[in-house]
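Below: one structure, written as structure tokens.
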Amino acid sequence: MKSIFEKTFQLKEKKTTIGTEIIAGCTTFLTMVYIIFVNPSILSATGMDTSAVFVLTCIVTAFATILMGLFANLPIALAPAMGLNVFFAYGICGAMGYSWQIGMGAIFWGSLIFFALSLFKVRHWLIEHIPQCLRVGISAGIGLFIAFMGFQNMGIVVASPSTLLTMGNILSLKVLLGSLGFFIIVILAARNFHAAVLISILVVTLLALWLDPNITYQGIISMPPSVTSVVGHVDLAGSLNIGIMGVIFSIMIVSLFDSSGTILALTDKAGISDEKGRFPKMRQALLIDSFSSSLGGLFGTSSVLTYIESSAGISVGGRTGLTAVVVGLLFLLVAFFSPLAHLVPTYATSGALIFVGILMVSSLVKVNWSDLTEATPAFITAIMMPFAFAITEGVALGFISYVVLKTFTGKFKQLNLCVIIFALLFVLKFIFIDHH
């Protein structure tokens, strides 16, 4: 048995052991298992079946992660991306009014373009040619968007006819429990507890079961329910209409930056990349990563991307794909706990949204705030995502403002063809698509 593991994962070469890899896999799993509660909670807002999404989240996460472990031999896990799932539920299906079937179709096409870029080696070229201020602005904007939805789901922020937004009833049960959950996450994370988010969700859910009459116990373990209410219902043809092209493009761009940056950060932390960010089986990793993203759209879980939570397993010694395989097998196991998906109230996962938002907004420290031609596009990109309630509009205005500012401040030479083309495409989108 040891020889099989050694041959598959090169444990001696990577200076690790089976025991270390199993511990690393369990650590990563505990850090990211919150997604099995958060993802169904978010996607159910579109009318998708909560139990089906729970099971599909487990299965797609397991498949993608095991694939990464076996074929790229990396201690990296993948799961439905926080940010894109919120954009899908509240932006594409909520504000824009598309059905979840068409919305998932858009995610599939955007992810398929992402896969094609990886397949034909265009991915690195795009990353190198899109300015850091825009990349950072996109990440921070998604963070603000996620956090806004967390505050809204918790009831802290509510609609107002006079000021658009106002403070909700701060003493309501869901605000109090949701706030408690958020502070549990931050306190535990500050003390380096890897399962901070999971612990918070479980504590708030138990309190809700006791205090909230709307939450009823329906059991813990059962055979995985049918997923036929979701699988096979994605509308691939309907999602190719001209009005949703901007959404497809935004999904591709966000997937590109989010996942690429995460993979490079994780391989650097594991000590397996060189000074240029290259690492063994890099091509396989990038292809699996982008292929998994399209699977998420096809099977109704939203985009599946690399998870930064994998760093938890790496920090305790995970160095090979065996770590990822352990994570994947554990996600298959929790598919038998689908009744829990109905037990977890929305406000129990709101703290996780706000916490992830904080982590993403922190990337703004990388912006050169002393250069207004860099700071302004980053700010516009970030702030317009929650204000316009759409990731697409933030990305569009960021690219356009970058080109305008560089052109009229004597810095035209800092522009490249990639940025100019994207800016022009977004201008055409506003004129010919949004105008109609």
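Under the working numbering, read the sequence shown as residues 897 to 1332, first letter to last. Backbone N, C-alpha and C define an ideal beta-carbon position, used for all residues, glycine too.
- Rank C1314, I1204 and G1196 by C-alpha distance to the C-alpha of K1123 and give the top, closest one. Here residue 1123 refers to the residue found at position 227 of the sequence shown. Sequence inspection shows Val at residue 1123; the Lys mentioned does not correspond to that position. Nearest of C1314, I1204 and G1196 to V1123, Cα basis: G1196.
- Query: For L1228, which three-state DSSP category applies?
  - Reply: If you number the sequence shown from 1, residue 1228 lands on position 332. DSSP places L1228 in helix when its eight states are reduced to three.
- Query: With 16 as the cutoff for other CB atoms within 10 Å, does T1059 come out buried or exposed?
  - Reply: Numbered from 1 along the sequence shown, position 163 holds the residue referred to as residue 1059. With fewer than 16 Cβ atoms within 10 Å of its Cβ, T1059 is classed as exposed.
- Message: So A968 and G1217 are supposed to be a Cβ contact under 8 Å. How far apart are they, rounded?
- Response: Stepping through the sequence shown from its first residue, residue 968 is reached at position 72. Stepping through the sequence shown from its first residue, residue 1217 is reached at position 321. With a Cβ gap of about 7 Å, A968 and G1217 count as contacting.
- Task: Return helix, strand or coil for T1202, following the three-state DSSP convention.
- Result: Position 306 of the sequence shown, counting from 1, holds the residue named residue 1202. Note: T1202 maps to strand in three-state DSSP.
- Is the distance from the Cβ of G1001 to the Cβ of S1135 below 8 Å? Numbered from 1 along the sequence shown, position 105 holds the residue referred to as residue 1001. Numbered from 1 along the sequence shown, position 239 holds the residue referred to as residue 1135. Going by C-beta atoms, G1001 is nearer than 8 Å to S1135.
- Message: On the DSSP letters alone, give me the boundaries of the beta strand (DSSP E) that A1055 sits inside.
- Response: Against the sequence shown, residue 1055 aligns to sequence position 159. Looking at the DSSP string, the run of the beta strand (DSSP E) that includes A1055 is V1053 to S1056.
- Message: Applying the 10 Å Cβ sphere with the 16-neighbour rule, what's the burial state of N935?
- Response: Residue mapping note: residue 935 aligns to position 39 of the sequence shown, counting from 1. The residue is buried, with at least 16 neighbouring Cβ atoms inside 10 Å.
- Task: Kindly confirm or deny that the segment 1139-1155 and the segment 975-988 touch, where touching means at least three C-beta pairs closer than 8 Å.
- Result: Yes: at least three Cβ pairs fall under 8 Å.
- Item | Proximal residues to F1010 (C-beta, below 7 Å), its chain only, five neighbours per side dropped | As a first step, residue 1010 is located in the sequence shown; it is residue number 114 there, counting from the start. Same-chain partners within the cutoff: M1148, S1151, L1152, S1186 and S1189.
- Closest to P1256 by CA distance: which of T1269, T1272, K1302 and A1278 is it? The sequence position of residue 1256 within the sequence shown is 360, counting from 1. A small fix is needed here, since residue 1256 is Met in this sequence, not Pro. Closest by alpha carbon: A1278.
- Item | Extent of the continuous beta strand (DSSP E) to which M1063 belongs | For this step, residue 1063 is matched to residue 167 along the sequence shown. Here the beta strand (DSSP E) through M1063 covers L1060 to M1063.
- Minimum C-alpha distance to V1223 - residue among G1167, L1301, T1163 and I918: For the purposes of this step, residue 1223 is taken as the residue at position 327 of the sequence shown. Looking at the Cα atoms, I918 is the closest of the given residues.
- CA nearest to the CA of M1119, picked from G1173, A1231 and W1005: Within the sequence shown, residue 1119 is the residue found at index 223, counting from 1. When only C-alpha atoms are compared, the closest one is A1231.
- Message: Based on DSSP bridge pairs, tell me the residues matched to L974.
- Response: Along the sequence shown, read from residue 1 onward, the residue named residue 974 stands at position 78. L974 pairs with T1202.
- With distances taken between CB atoms, is the gap from V1200 to V1032 smaller than 8 Å? Taking the first residue of the sequence shown as 1, we reach residue 1200 at position 304. Taking the first residue of the sequence shown as 1, we reach residue 1032 at position 136. Contact: no.
- Item | Alpha carbon of I938 to alpha carbon of H1025, nearest angstrom | On the sequence shown, position 42 is the one that residue 938 refers to. On the sequence shown, position 129 is the one that residue 1025 refers to. Rounded to the nearest angstrom, the two C-alpha atoms are 33 Å apart.
- Kindly indicate the opening and closing residues of the alpha helix (DSSP H) around A985. Looking up residue 985 in the sequence shown gives position 89. Note, A985: premise wrong, no alpha helix (DSSP H); not H, not E.
- Message: Closer than 8 Å is the cut-off here; do at least three beta carbon pairs connect the segment 1069-1087 with the segment 1034-1043?
- Response: No, because fewer than three Cβ pairs between the segment 1069-1087 and the segment 1034-1043 fall closer than 8 Å, the two stretches do not touch.
- What are the start and end residues of each continuous alpha helix (DSSP H) run of 4 or more residues lying completely inside the segment 1251-1302, in chain order? 1268-1284
- Can you tell me whether L1067 is buried or exposed, with buried defined as 16 or more other CB within 10 angstroms of its CB? Working through the sequence shown from its first residue, we reach residue 1067 at position 171. The residue in question, L1067, is exposed, as its Cβ has fewer than 16 Cβ neighbours within 10 Å.
- Selected residue, minimal CA-CA separation from P971, among F1175, L1268 and A1319: By one-based count along the sequence shown, residue 971 stands at place 75. The option with the nearest alpha carbon to P971 is F1175.
- Message: Between L1162, T1219 and K1177, which has its C-alpha nearest T923's C-alpha?
- Response: Your numbering for residue 923 matches position 27 in the sequence shown. Of the candidates L1162, T1219 and K1177, the one whose C-alpha sits nearest the C-alpha of T923 is T1219.
- Close-in-space but distant-in-sequence residues of the same chain around V1143 (CB under 7 Å, 5 per side omitted): The residue given as residue 1143 occupies position 247 in the sequence shown. Contacts found: I988, A1002 and T1288.
- Excluding sequence positions up to five away, which residues of its chain have a Cβ less than 8 Å from the Cβ of G1213? Within the sequence shown, the letter at position 317 stands for residue 1213. T912, T916, E917, I919 and A920.
- Message: Tell me the rounded alpha-carbon separation between F901 and E909.
- Response: Start at 1 with the first residue of the sequence shown, and residue 901 comes out as number 5. Start at 1 with the first residue of the sequence shown, and residue 909 comes out as number 13. Cα-Cα distance, rounded: 12 Å.
- Message: With a threshold of 6 Å on Cβ separation, who are the neighbours of A1092 within its own chain once the five nearest residues in sequence on each side are excluded?
- Response: Taking the first residue of the sequence shown as position 1, residue 1092 is located at position 196. Answer for A1092: I1081, L1084 and A1085, listed in chain order.
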